[in-house]
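Everything on this sheet refers to the single structure shown next.
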Amino acid sequence: MLLALGQLGCAELRARQRGREGNRHFKDGDYRAAVEAYSASEQLYPLAVVTLNKGLACRQQMLPGAKSAEATKAADCALASFRRLRELSPQDARAEQLYQQTLFDADRYEDLVRLYERQLASTPDDPAAINGLIQVYTRWDRWDEALRWMGERAKRRPADPEAHYAVGVFIYNRLFAKGGGPDKSSFDPRPGLEPKQPPPFGPGDITGKERIALADQAIFELKRALELRPTYTEALTYLGLVQRQQSFAYFDQPAAWQASVDAAEALRRQAAARSEHTPPAVSP
52 MLLALGQLGC AELRARQRGR EGNRHFKDGD YRAAVEAYSA SEQLYPLAVV
102 TLNKGLACRQ QMLPGAKSAE ATKAADCALA SFRRLRELSP QDARAEQLYQ
152 QTLFDADRYE DLVRLYERQL ASTPDDPAAI NGLIQVYTRW DRWDEALRWM
202 GERAKRRPAD PEAHYAVGVF IYNRLFAKGG GPDKSSFDPR PGLEPKQPPP
252 FGPGDITGKE RIALADQAIF ELKRALELRP TYTEALTYLG LVQRQQSFAY
302 FDQPAAWQAS VDAAEALRRQ AAARSEHTPP AVSP
């Protein structure tokens, strides 16, 4: 028994020595050598701090956006280390934080979706999981899915004006980026005015019925935000901006275009009047 304890203590001592060697390599910027030293330490004795440092050293070898075999190996190494850290030190919040951050940095979007969906399956009202899905799909450039989860968040938080406001702003940004630039704002389709040819929409721009439907969704959410918080000037401002974006779908319907523009202008003036009467912030 005493012999076994002595051998165990000796193994831990040697593991710490290899861990310190890894630390020296880490400080010198030799992350590959650091990982080798940390791996040797792990073979001798499990130490949470060594596993953490190994994961960090692996992360240092990752290159944002890189899809090479080396980048994949570095990401796999980091993820394995942070999973192991969760086992060795369940109370260490850094393990899960670094694990998820590494998935993001390595563009492991499928893994992140599965992770957050599992969290929602066990805790349906988990706001962190919903926010995570929104972030993943936004980074993944799957805008429709990001919007779906943003709408789901608003449904689950019906009394939260900011949740509804976020949907409206998210849609506005999309409409602006997809065919809603300044060239559209300066065009007037009314008869007798120049130019008569509307500015062209490009490939991938949101036009016609799709633009109208998205704008209607944003208008609904922003109005809901204002119902919940009547003094929500930012929501009123974006309501006018979305209304103006919707008008770009009516270039071939001058009367509908004019009605949409008039509504946008009325909202703009209302928001401006509120801003003028808002007292300045008082310094503490």
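Going by this note's numbering, the sequence shown opens with residue 52, and the numbers climb by one from there. Glycine included, C-beta positions come from ideal geometry on N, C-alpha and C.
Nearest neighbour of A131 by Cα position, chosen from D211, A99 and I257, turns out to be A99. The C-alpha of L277 is placed about 30 Å away from the C-alpha of D234.
Per DSSP, the continuous alpha helix (DSSP H) segment holding G219 begins and ends at P212 to A228. Counted as a single uninterrupted DSSP element, the alpha helix (DSSP H) harbouring W200 occupies residues W194 to R207. A residue is called buried when at least 16 other Cβ atoms come within 10 angstroms of its Cβ; P240 meets this threshold and is buried.
The C-beta distance from S90 to K105 rounds to 7 Å, short enough to fall under 8 Å.
In this structure, the alpha-carbon of G259 lies about 11 Å from that of Q296. Exclusion of the five residues before and after A157 leaves M113 and A126 as the residues of its chain whose Cβ lies within less than 7 Å of its Cβ. For the 8 Å CB-CB criterion, A269 and V293 form a contact. Under the criterion of beta carbons closer than 8 Å, L154 and D162 qualify as touching, at roughly 5 Å. The residue among Q321, Y96 and A108 with its C-alpha nearest the C-alpha of N74 is A108. In this structure, the alpha-carbon of G255 lies about 7 Å from that of K229. A straight line joining the alpha-carbon of E196 with that of I185 spans about 8 Å. Under the three-state reduction of DSSP output, I257 falls in the coil class, being neither helix nor strand. Straight across, the Cα-Cα distance linking V218 with G231 is about 18 Å.
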